[in-house]
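Participant: Once you've had a glance at the structure underneath, I'll fire off some questions.
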C-alpha cells in the first residue's frame, strides 16, 4: 500500500541509493514533505494511500512532490486533465498561489 508520504519523497539517484541500503526517513525530510503538502492545501494526508485521494488531490500531490524535492521550476503538461470544472479552478487557484508566493 503506497501512502501519500512515499509518493512525494524527492527522487533521484541519491534517494534511490538511500532507499536500497535502508536509510530511514529523517525528521527533516518528513517536515519538508509536511510543508510541501501544506503548501498545496493537503495538510494531514501524508499517511493516506494515494488511491484514497480524489483525482484533484492526487494532482496536487504531484505538485507537492516537486516542491519537496526542491524544484524551482515546474512544467505542467495538462495538469487539470480529468478534473471537472470546479476541481480545475481549485487546482489552478492553488498553483497560482504557490507561484505568487515566490521562491
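Numbering (the numbering used here), first residue to last: 1 to 103.
Virtual Cβ for every residue (Gly too), placed ideally from N, Cα, C.
If you're wondering where the values come from, they're calculated on a predicted model, not measured in any experiment.
Given residue 1, which residues of its chain have a CB within under 6 Å of its CB, disregarding the five upstream and five downstream residues?
Facilitator: The pLDDT assigned to residue 1 is 47, lower than 50, so where the model puts this residue is not dependable; a value taken from the coordinates is nonetheless given after this. Here the set comprises 49.
Participant: Should residue 45 and residue 53 be called a contact, given that it needs their Cβ atoms to be closer than 8 Å?
Facilitator: Result yes, Cβ atoms of residue 45 and residue 53 sit closer than 8 Å.
Participant: Output the distance between the C-alpha atoms of residue 87 and residue 80, rounded to the nearest integer angstrom.
Facilitator: So the two alpha carbons sit approximately 8 Å from each other.
Participant: Considering just the uninterrupted stretch of the alpha helix (DSSP H) at residue 80, what are its terminal residues?
Facilitator: Taken as a continuous stretch (DSSP letters only), residue 80 belongs to no alpha helix (DSSP H), as it is neither H nor E.
Participant: Take the Cβ of residue 73 as the centre, count every other Cβ of all protein chains shown within 10 Å, and call the residue buried at 16 or more, exposed below.
Facilitator: Answer is exposed; the Cβ neighbour count stays below 16.
Participant: Excluding five sequence neighbours on each side, which residues of the same chain lie with their C-beta closer than 6 Å to the C-beta of residue 38?
Facilitator: Excluding positions up to five away in sequence, the list is empty.
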